[in-house]
Amino acid sequence: MNVAFKSSDQQFGKKFTVVALSLLMAVIIFSTYLHHFRPDVLKVPSNTDVSTWKMTPLEKTWIYDRMTEGERETIRKNGVPGTDAFHLLLYELLSLFGTWMCFMHARKHYSLWMATAFLVGSFVFTGVQETLMILSGRFWMGGGLLDPNVWGSYWFPQGILWFLETPVWVCLCWFLIAYSCVTVAGKVFPRAGLWSRAFAGGMIAMVIDLWEDPVLTSPEHMKWIWAKGDHVGILGIPHGNFIGWFFLIFVFAILWEKYLPVFEKRLGGWLGMTAFLVLLLCSNVIILTILITWGGIANQLFPLPEGLHIPPASWGW
Amino acid sequence: MWRKIWKHKVEFYPYFSIYLFWFVGSFLSSLRVQNRPGIVTLGLITIPSILLITIAFVKTYKELPAD
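Protein chains in written order, with this note's numbering: chain A, 25 to 341; chain B, 408 to 474.
In structure tokens form, the structure reads like this:
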């Protein structure tokens with residue numbers, strides 16, 4: 025990425041990083057408390073007893089169709105896999121390690137302020153976006169505001185620390201994927217403009233996700249669970265997921281590289297970051313609206329019972 | 408070569424990071440998946456991305472000052 029701005033005020037960068045990360049930690053601590061100790065507030069589905077899934081019963085998840093009868097019985101008996109301390113800690117630590125590497129690189133090549141803005145911005149952008157999608161499934165769909173046949177939604181069953189209703193390891197992974205892929209695009213296509221590099225970064229990440237999503241949503245892992253609703257499936261995954269992956273990284277790369285330095289120059293460090301976060305939140309709402317609207321159109325184009333599945337459902341996907 | 412990479416390791420951190428994510432999150436995890444026919448072979452779909460990451464890695468290496 026070719027960013028003209030590079031903050032030289034190291035003192036401000038340190039102060040900003042301490043305050044921003046402290047605020048982030050406060051949100052994480054509160055969210056983690058809510059998720060683990062007051063699951064009733066956000067209607068967190070149980071990991072141990074899937075028969076209590078009222079909003080989205082096991083039978084109405086994408087994973088259900090992909091399971092053998094034996095696997096269904098195992099899930100009903102033992103609950104969601106991978107919720108033991110070893111697996112939970114492994115994912116938290118690995119994502120933290122990857123994040124640390126990307127943060128060090130960003131700090132060296134841009135500035136501490138820009139690196140922190142990318143990290144905090146990633147949390148706010150992806151954490152809020154995922155939480156909006158998750159809670160829309162729990163509250164809107166359950167309350168009848170959205171047709172469950174149109175809006176599938178999903179949720180994450182595994183995580184120690186939480187940012188809103190998104191596991192911290194998911195936010196960290198999103199940060200490292202977004203930063204790495206946009207860095208790769210900038211290195212491979214150095215003469216390309218910002219929009220082209222953001223497009224390439226989004227495509228690199230989306231192609232990686234074409235494998236990662238079918239693997240990690242399998243009955244053996246169940247890192248996230250999709251509710252039925254999307255009629256169009258790619259490799260056993262709702263197609264809206266891949267559109268979302270591409271758009272989130274594409275939009276974030278443009279906002280971070282183009283608008284954050286402008287905001288900083290015009291408004292200063294604190295107000296500039298605040299304006300950046302407001303812009304990210306507005307983008308979240310726009311992206312969510314586009315995804316829901318497109319989901320409705322796609323479902324009309326490919327009505328049930330067939331829908332559209334690539335490859336065909338008869339292949340076992 | 409390894410000394411040069413180690414000396415400038417920060418330059419390679421984004422690539423290490425995404426390789427690690429791909430290796431653990433996709434490759435190793437796919438080996439545990441039983442009931443998806445061809446799930447490991449599906450990894451071939453990520454070749455374009457892995458190729459671009461590797462090109463970026465090599466370009467970064469070549470742009471480093473000689474020891």
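Quick reminder that beta carbons are idealized off the backbone N, C-alpha and C, glycines included.
Cβ shell of W429 (chain B) (< 6 Å), same chain only, five flanking positions each side left out = As a position in the second sequence, residue 429 (chain B) is number 22, starting the count at 1. No residues qualify anywhere along the chain.
Kindly say whether C205 (chain A), judged by its beta-carbon, lies nearer than 9 Å to any beta-carbon of chain B.
-> Reading the first sequence from its first residue, position 181 is the one you call residue 205 (chain A). So, interface residue.
For W86 (chain A), three-class secondary structure by DSSP = Here residue 86 (chain A) refers to the residue found at position 62 of the first sequence. Helix, per DSSP.
When the Cβ atoms of the stretch 280-298 of chain A are set against those of the stretch 124-133 of chain A, are three or more pairs found closer than 8 Å?
-> no
Per DSSP, which residues does P191 (chain A) bridge with? Please list them.
-> Here residue 191 (chain A) refers to the residue found at position 167 when the first sequence is read from its first residue. Per DSSP, A:W186.
Please confirm if M297 (chain A) has its CB atom under 9 Å from at least one CB of chain B.
-> Here the question's residue 297 (chain A) lines up with position 273 in the first sequence. With 9 Å as the cut-off, M297 (chain A) does not count as an interface residue toward chain B.
Drop a sphere of 10 angstroms on the beta-carbon of Q153 (chain A), count the other beta-carbons inside from all chains shown, and report buried for 16 or more, exposed for fewer.
-> Numbered from its first residue, the first sequence carries residue 153 (chain A) at position 129. By the 10 Å Cβ count, Q153 (chain A) comes out buried.
So, does the CB of W429 (chain B) fall closer than 9 Å to a CB anywhere in chain A?
-> Locating residue 429 (chain B) in the second sequence gives position 22, counting from the first residue. With 9 Å as the cut-off, W429 (chain B) counts as an interface residue toward chain A.
For A28 (chain A), collect the residues of the same chain with a Cβ closer than 8 Å to its Cβ; drop the 5 residues on either side in sequence, then sort them by chain order.
-> By 1-based counting over the first sequence, the position of residue 28 (chain A) is 4. Because A28 (chain A) carries a pLDDT of 41, less than 50, the predicted location of this residue cannot be relied on, and no value is offered for it.
V239 (chain A), enclosing beta strand (DSSP E) - first and last residue = Working through the first sequence from its first residue, we reach residue 239 (chain A) at position 215. Here V239 (chain A) belongs to no beta strand (DSSP E); instead the alpha helix (DSSP H) covers L218 to L240.
Is the shortest distance between the beta-carbon of K289 (chain A) and the beta-carbons of chain B less than 9 Å?
-> One-based indexing of the first sequence puts residue 289 (chain A) at position 265. Chain B has no Cβ within less than 9 Å of the Cβ of K289 (chain A).
Around the Cβ of C306 (chain A), are there at least 16 other Cβ atoms within 10 angstroms (buried) or fewer (exposed)?
-> Residue numbering aside, residue 306 (chain A) sits at position 282 when the first sequence is read from its first letter. So C306 (chain A) ends up on the exposed side.
Hey, does G61 (chain A) have any beta-carbon neighbour from chain B nearer than 9 Å?
-> Looking up residue 61 (chain A) in the first sequence gives position 37. It should be noted that the sequence gives Phe, not Gly, for residue 61 (chain A). No, its Cβ sits nowhere closer than 9 Å to a Cβ of chain B.
Looking at C-alpha atoms only, which residue of A:L301, A:P329, A:G268 and A:D33 is the closest neighbour of T313 (chain A)?
-> Translated into positions along the first sequence, residue 313 (chain A) becomes position 289. Closest option to T313 (chain A), Cα to Cα, is A:G268.
With a CB to CB cut of under 7 Å and the five nearest residues on each side skipped, what residues in its chain are close to N71 (chain A)?
-> The count along the first sequence starts at 1 and reaches residue 71 (chain A) at position 47. The answer, listed in chain order, is G103, V104, T107 and P181.
Proximity test, Cβ basis, 9 Å: E236 (chain A) and chain B | For this step, residue 236 (chain A) is matched to residue 212 along the first sequence. With 9 Å as the cut-off, E236 (chain A) counts as an interface residue toward chain B.
Please report the residue range of the alpha helix (DSSP H) in which I273 (chain A) lies.
-> Here residue 273 (chain A) corresponds to residue number 249 of the first sequence, with the count starting at 1. Here the alpha helix (DSSP H) through I273 (chain A) covers H263 to I278.
Mind the definition here: the stretch 431-444 of chain B touches the stretch 140-158 of chain A only if three or more C-beta pairs lie below 8 Å; say whether that holds.
-> no
Can you tell me whether DSSP reads F147 (chain A) as helix, strand or coil?
-> In the first sequence, the residue the question calls residue 147 (chain A) occupies position 123. Helix at F147 (chain A).
Nearest-angstrom Cα distance between K247 (chain A) and P262 (chain A)?
-> Numbered from 1 along the first sequence, position 223 holds the residue referred to as residue 247 (chain A). Numbered from 1 along the first sequence, position 238 holds the residue referred to as residue 262 (chain A). Rounded to the nearest whole angstrom, the CA to CA distance from K247 (chain A) to P262 (chain A) is 15 Å.
In the DSSP assignment, find the unbroken alpha helix (DSSP H) run with V256 (chain A) in it and report its ends.
-> In the first sequence, residue 256 (chain A) corresponds to position 232, counting from 1. First-last for V256 (chain A): V256 to I258, but that is the beta strand (DSSP E), not the alpha helix (DSSP H).
Alpha carbon of H245 (chain A) to alpha carbon of R100 (chain A), nearest angstrom = On the first sequence, position 221 is the one that residue 245 (chain A) refers to. On the first sequence, position 76 is the one that residue 100 (chain A) refers to. Rounded to whole angstroms, H245 (chain A) to R100 (chain A) spans 15 Å at the Cα level.
Proximal chain A residues relative to I460 (chain B), where beta-carbon distance stays under 7 Å = The sequence position of residue 460 (chain B) within the second sequence is 53, counting from 1. Residues of chain A passing the Cβ test: V208.
Touch check for the stretch 209-222 of chain A and the stretch 51-67 of chain A: three-plus C-beta pairs under 8 Å?
-> No, the stretch 209-222 of chain A is not in contact with the stretch 51-67 of chain A.
Test: K466 (chain B) CB closer than 9 Å to a CB of chain A | By 1-based counting over the second sequence, the position of residue 466 (chain B) is 59. Judged by the 9 Å Cβ criterion, K466 (chain B) is in contact with chain A.
Are any of the Cβ atoms in chain B nearer than 9 Å to that of P243 (chain A)?
-> Along the first sequence, one-based indexing puts residue 243 (chain A) at 219. It does; some Cβ of chain B falls within 9 Å.
L47 (chain A) versus S424 (chain B) - alpha carbon distance = Residue mapping note: residue 47 (chain A) aligns to position 23 of the first sequence, counting from 1. Residue mapping note: residue 424 (chain B) aligns to position 17 of the second sequence, counting from 1. Computed Cα separation, rounded: 26 Å.
Beta-carbon proximity of C205 (chain A) to S456 (chain B), cut-off 9 Å | For the purposes of this step, residue 205 (chain A) is taken as the residue at position 181 of the first sequence. For the purposes of this step, residue 456 (chain B) is taken as the residue at position 49 of the second sequence. Contact flag set, yes.
Taking C-beta to C-beta, are I452 (chain B) and V231 (chain A) nearer than 9 Å?
-> Position 45 of the second sequence, counting from 1, holds the residue named residue 452 (chain B). Position 207 of the first sequence, counting from 1, holds the residue named residue 231 (chain A). In this structure, V231 (chain A) lies closer than 9 Å to I452 (chain B) by Cβ.
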